[in-house]
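The structure appears right after this line, and notes come after that.
Here it is as structure tokens:
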């Protein structure tokens with residue numbers, strides 16, 4: 156494993172141990188909750204009995220939803236601690252899960268056409284390269300299978316802080332750039348008592364739209380749906396996180412079918 160991913164593994168382990176929200180397992184989920192989490196659009200088929208790979212989506216959330224719906228679930232993730240959460244969720248809900256610690260660019264432990272669905276939450280931007288990940292997904296996904304991919308809006312890191320009238324642009328639009336320096340040095344993880352634990356921010360890399368979308372098309376994927384994520388839990392007051400996301404959505408949620 157290269158030094159960047161080793162560092163990211165350590166930082167995600169620390170984030171999981173601090174209880175960042177993405178790594179808290181869905182232990183209170185019901186089957187109805189799981190269905191709402193997975194069956195977001197009509198083109199997503201019944202997953203009962205299907206083989207599903209939660210790719211770099213550890214933490215006991217997505218795997219719990221698929222397990223409750225009767226899927227055969229495998230999870231590959233960089234973080235050992237997050238994989239522990241997947242095993243915790245599986246034991247709690249009473250389903251089997253296969254957990255593998257590894258690099259999302261290397262799915263060589265799986266044969267061709269192994270999965271009916273690959274579900275990748277926001278994670279590809281923690282990897283220096285997008286193309287090898289997408290190519291491996293195309294190899295292990297069966298023809299007709301669904302690939303859910305969330306990825307960062309590559310323009311968002313260029314937004315500076317609110318200056319009273321706008322978020323000024325900064326830097327260049329460079330594919331593969333480590334954009335971690337645009338963020339706070341630490342991720343402040345809120346605790347149940349209202350205090351915060353600072354954890355070093357994982358390395359984040361920009362993958363341009365042309366890289367992500369063209370690689371998916373080149374690998375035989377057909378776009379089914381694209382949505383833009385915004386934070387809607389508070390009024391978009393200028394300078395707030397909610398306002399920033401309404402000026403520049405930080406994340407795309409996409410759904411693809413392998414032809």
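Numbering (the working numbering), first residue to last: 156 to 414. Cβ atoms here follow ideal geometry from the backbone N, Cα and C, with glycine treated the same way.
Cβ-Cβ separation, residue j to residue i (assumed contact under 8 Å), whole Å
i           : j           : result
residue 221 : residue 209 : 7 Å
residue 403 : residue 308 : 7 Å
residue 234 : residue 171 : 6 Å
residue 270 : residue 206 : 5 Å
residue 244 : residue 182 : 6 Å
residue 354 : residue 335 : Actually they do not touch by this definition, with Cβ atoms about 13 Å apart.
residue 240 : residue 180 : 4 Å
residue 238 : residue 186 : Residue 238 to residue 186, Cβ: 23 Å. No contact.
residue 379 : residue 293 : Rounded, the Cβ-Cβ distance is 15 Å, inconsistent with contact.
Residue i versus residue j: straight-line alpha-carbon distance, rounded
i           : j           : result
residue 267 : residue 310 : 34 Å
residue 275 : residue 347 : 28 Å
residue 273 : residue 391 : 34 Å
residue 287 : residue 261 : 8 Å
residue 325 : residue 214 : 33 Å
residue 284 : residue 168 : 21 Å
residue 189 : residue 328 : 38 Å
residue 356 : residue 166 : 7 Å
residue 366 : residue 291 : 15 Å
residue 164 : residue 351 : 21 Å
residue 388 : residue 401 : 12 Å
residue 297 : residue 372 : 16 Å
residue 320 : residue 312 : 18 Å
residue 254 : residue 242 : 8 Å
residue 252 : residue 265 : 15 Å
residue 200 : residue 194 : 8 Å
residue 160 : residue 384 : 26 Å
residue 196 : residue 306 : 18 Å
residue 156 : residue 370 : 24 Å
residue 192 : residue 349 : 28 Å
Within 8 Å, strictly: CB atoms of residue i and residue j
i           : j           : result
residue 301 : residue 374 : no
residue 399 : residue 304 : no
residue 162 : residue 362 : no
residue 212 : residue 278 : yes
residue 295 : residue 175 : no
residue 218 : residue 228 : yes
residue 216 : residue 232 : no
residue 282 : residue 360 : yes
CA nearest to the CA of residue i, picked from the options
i           : options               : result
residue 338 : 396, 365 and 215      : 396
residue 411 : 299, 276, 335 and 355 : 299
residue 230 : 349, 333, 258 and 356 : 258
residue 382 : 390, 393, 409 and 364 : 409
residue 333 : 280, 352, 384 and 295 : 280
residue 386 : 379, 406 and 331      : 406
residue 330 : 321, 190, 376 and 368 : 368
residue 178 : 236, 293 and 292      : 236
residue 323 : 394, 248, 192 and 165 : 394
residue 184 : 156, 195, 196 and 248 : 248
residue 204 : 226, 195, 265 and 364 : 226
Residues that DSSP places opposite residue i in a beta bridge
i           : result
residue 414 : DSSP lists no partner for residue 414.
residue 229 : 208 and 253
residue 396 : BP columns for residue 396 are empty, so no partner.
residue 98  : Lying outside 156 to 414, the shown extent of the chain, residue 98 is not represented and no answer is given.
residue 380 : 410
Residue i at chain C interface by Cβ criterion, 8 Å
i           : result
residue 253 : No chain C appears in the structure shown, which is made up of a single protein chain.
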